[in-house]
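So the structure is just underneath, and the comments pick up after that.
Residue numbers (my numbering): 9 to 141.
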């Protein structure tokens, strides 16, 4: 994920039954935080290894964004690189056919590559990663 925004706007309740609508995650927090990870380099490395992925420019406004924003807010003044990687469902979880899935072995291999890229590279690659709506 490239950016987390300071808003919770849940279309459905979370597992705890909470459903905030248009509420800030952190009162008086900045509007957004950007990942400090080399996200395009990560995507490039995963593609080169045969692992499907894409750069996402928004973590949405549900639980993933809430977590991503909260972690980035906590780490904002620390010298720790931070970001968020969405993991697809396992095939047995994607029973309705409407959600992408990936084998556990491929997920683990992908996460190892992500960690290695973050360890090995401070900077990102300059390649197009934009999307047209």
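Backbone N, C-alpha and C define an ideal beta-carbon position, used for all residues, glycine too.
Keep in mind the model is a prediction, meaning the values are calculated, not measured.
Residue i to residue j span [Cα, whole Å]
i: residue 19; j: residue 110; result: 25 Å
i: residue 95; j: residue 36; result: 30 Å
i: residue 24; j: residue 65; result: 27 Å
i: residue 61; j: residue 135; result: 15 Å
i: residue 132; j: residue 100; result: 34 Å
i: residue 102; j: residue 108; result: 7 Å
i: residue 38; j: residue 63; result: 23 Å
i: residue 104; j: residue 86; result: 42 Å
Member of the options whose CA lies at the smallest distance from the CA of residue i
i: residue 32; options: 38, 74 and 14; result: 14
i: residue 42; options: 100, 10, 125 and 101; result: 10
i: residue 3; options: 29, 122 and 106; result: With the chain running from 9 to 141 in the structure shown, residue 3 is simply not present.
i: residue 81; options: 61, 127, 112 and 34; result: 34
i: residue 123; options: 107, 106, 134 and 93; result: 93
i: residue 112; options: 38, 55 and 59; result: 59
Contacting residues, own chain, Cβ-Cβ under 8 Å from residue i (five flanking each side not counted)
i: residue 129; result: 46 and 49
i: residue 44; result: 89, 90 and 91
i: residue 78; result: 33 and 34
CB-CB length for residue i against residue j, believed under 8 Å
i: residue 97; j: residue 90; result: The pair is not a contact, with the Cβ atoms about 24 Å apart (cut-off 8 Å).
i: residue 126; j: residue 53; result: With a Cβ gap of about 10 Å, residue 126 and residue 53 do not count as contacting.
i: residue 12; j: residue 40; result: 6 Å
Residues near residue i in its chain [Cβ-Cβ closer than 6 Å; skip 5 each side]
i: residue 21; result: 27
i: residue 68; result: none
i: residue 70; result: 18
Own chain residues within Cβ distance below 7 Å of residue i, not counting five before or after
i: residue 114; result: 59
i: residue 57; result: 121
Quick one: any contact between the segment 111-127 and the segment 72-83, if contact means 3 or more CB pairs under 8 Å?
No: fewer than three Cβ pairs fall under 8 Å.
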